[in-house]
Amino acid sequence: MRTRHSKLFVPGPTEVRPEILQAMATPQIYHRAPEFSELYADIQGKLKRFLNTEGAVFLFTASSTGAMEAAVQNCVKKKCLNLVNGAFSLRWHEITAGCGIPCEALTVPWNVAIKPEMVADKLRSGQFDAVTLVYNETSTGLMNPLQEIAEVVRKFPDVVLLVDSVSAMGGVKIEVDKLGLDVCLAGVQKCMGLPAGLAISTASERALARAKEPPFRSYYWSYTEMMKYHKKNQTPATPSIPHLYALNAQLDAMFEEGLDHRFARHDAMARTVQEWALKHFAMYPEKGYWSKTVSCIENTRNISVDKLSDELVREHGVLISEGYGEIKGKTFRIAHMGDLTVPDVRGLLATIDGILGL
Ligand SMILES: *Cc1c(COP(=O)(O)O)cnc(C)c1O
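Residue 4 is where the sequence shown starts when you use my numbering, and the numbers rise one by one after that.
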C-alpha cells in the first residue's frame with residue numbers, strides 16, 4: 004500500500020483541508036435534539052446566501068447520483084427531456100429510464116455544447132414537463148450555457164428545469180432564483196472541497212408542488228418527506244452529521260475568502276491551464292464552452308497518458324485524470340477546483356513540462 008498521499012488534481016474527490024477533516028471529528032449529536040436543528044438552520048441560511056435562493060435547500064446523505072435520482076423521481080410526471088453531451092448527462096438519462104420514468108435524450112457529440120435553440124425545438128412539441136441539464140460536464144470539461152438554456156426553458160411554463168451543478172457549485176456563481184432553476188444539485192466532493200457522502204439540492208415551489216402530484220416513486224428521495232422535516236430544521240432520516248459540521252465550516256471559509264474571490268480564483272486557475280494546453284496540446288471541447296473547474300485536454304502529441312500519470316504519482320505525489328469512457332487515451336483531465344490555488348496549478352504544469360520535456 005502506498006503511504007504517501009497524492010495531491011488530487013482529479014475532478015472529484017478533491018483535496019480536503021485539514022481544518023475540514025478536523026471539523027468532521029466533532030463528537031456526534033442526536034439528530035432530534037435542539038442543537039442539531041440549530042446546526043441545520045445555520046447551514047440553511049448560509050446555503051441560501053451561497054446559492055442565491057429563497058427556496059429550500061435539502062441535504063441528502065448520498066453522493067450526487069442520489070440527488071439526481073431524487074430530482075427526476077419528484078419532478079417528472081409526463082416526460083423528461085434529458086440533454087446529453089457527456090458521461091454524466093448520459094448517466095442522468097439512464098437514471099431516469101432506470102426509474103421507469105418516460106424520457107427521451109437529446110444527444111449531441113461530447114465536445115459540443117447544448118445550445119438553447121436545440122432545447123426550444125424539442126420543447127415546442129409539448130411532450131415534456133421537465134428537462135435535465137448537466138451544467139459542467141466533468142467528463143469533457145465542457146460548460147453548457149446554463150443562463151441561455153434557462154431562459155429558453157422559462158418560456159415553457161409547464162416545464163421544470165433540473166440542473167446538475169456537481170462540478171460547478173462552489174467554483175462558479177450560481178443564481179438559482181434569478182435563473183429560475185427548479186432544482187440545482189451537487190455532491191460536496193468536487194468544488195465544495197469536502198469528502199463525498201452529502202448532496203445539496205435546491206427545490207423551487209414548483210418542484211415541491213410537482214412532488215405532491217402522483218405518481219410517487221420513492222420514500223427516501225421524497226421532497227415532500229424532506230420538506231416536512233425541513234420545516235423543523237431536521238432531515239427525515241439520520242444524516243451524516245460529520246458532513247454537516249464540515250459543510251458549515253467550509254461555508255464559513257468560503258464567505259471568509261469572499262465568494263467573488265473564490266470564483267475569480269477558479270477562473271484564474273482555468274485560464275492558467277487553458278493557456279498551457281493551447282501552447283502544448285489542444286482543448287477538447289468546443290471553443291467558448293471551456294470549463295472553469297476542469298480542463299479536458301486533447302492528447303495531440305500522442306503521449307502515453309498512463310505513463311505520465313504513473314510518473315506524476317510515483318515521483319511527484321500528484322494525481323491527474325485520464326479521459327473518461329469513450330475519450331480515454333485521446334484526452335486527459337486536470338481539475339482545478341475546490342481549495343486548489345493558482346500556484347498549485349502552476350507547480351503541476353511545471354512538473355508535467357519536466358516529465359514531457361516541454
Ligand atoms: C461526479 C459527478 C457526478 C456523480 O457524482 P457522485 O457524487 O459520484 O454520485 C454527477 N454529475 C457530475 C457532473 C459529476 O461531476
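Even glycine gets a Cβ: it sits at the ideal position worked out from N, Cα and C. Everything numeric in this text was worked out from a predicted model, so none of it was measured.
Closest by C-alpha distance to I203, when choosing among I46, R20, L361 | I46
Reducing DSSP to helix, strand and coil, say where L93 ends up.
-> helix
Continuous alpha helix (DSSP H) assignments of at least 4 residues falling wholly in the stretch 117–166 | 119–126, 149–157
So, helix, strand or coil for K51, using DSSP?
-> helix
Quick one: what's got a C-beta closer than 7 Å to E72's C-beta in the same chain, skipping five residues either side?
-> I98, C102, W224
Determine which residues share a DSSP beta bridge with I203 and list them.
-> L62, A189
Selection from S294, V111, E325, A353 that minimises the alpha carbon distance to H319 | A353
Using the DSSP secondary-structure output, state which residues sit across from C106 in a beta bridge.
-> C83
Which whole-angstrom value describes the C-beta separation of V316 and S9, a residue pair presumed to lie in contact below a C-beta threshold of 8 Å?
-> 5 Å
Is any heavy atom of ligand 1 found at a distance shorter than 7 Å from the C-beta of T68?
-> yes
For F258, which three-state DSSP category applies?
-> helix
Measuring alpha carbon to alpha carbon, tell me which of E208, S243, T241 ends up nearest Y226.
-> E208
Proximal residues to A171 (C-beta, below 6 Å), its chain only, five neighbours per side dropped | Y138, N139
What's the gap between the Cα of W279 and the Cα of H339?
-> 13 Å
Quick one: what does DSSP say R317 is sitting in, helix, strand or coil?
-> helix
Assign N302 to one of two classes, buried (16 or more other C-beta atoms within 10 Å of its C-beta) or exposed (fewer than that).
-> buried
Starting from V297 and walking both ways along the beta strand (DSSP E), at which residues does that stretch end?
-> 297–301
Reference A133, options T143, N147, N114, W95, closest by Cα | W95
Using 7 Å as the cut-off, classify the Cβ of G190 as near or not near the heavy atoms of ligand 1, replying yes or no.
-> yes
I think L62 touches T238, with their Cβ atoms under 8 Å apart; what is that distance to the nearest whole Å?
-> 6 Å
Residues bridged to F366 (per DSSP) | An answer regarding residue 366 cannot be provided, because it is not within the stretch 4 to 361 covered by the chain.
Do the CB positions of C299 and T110 come within less than 8 Å of each other?
-> no
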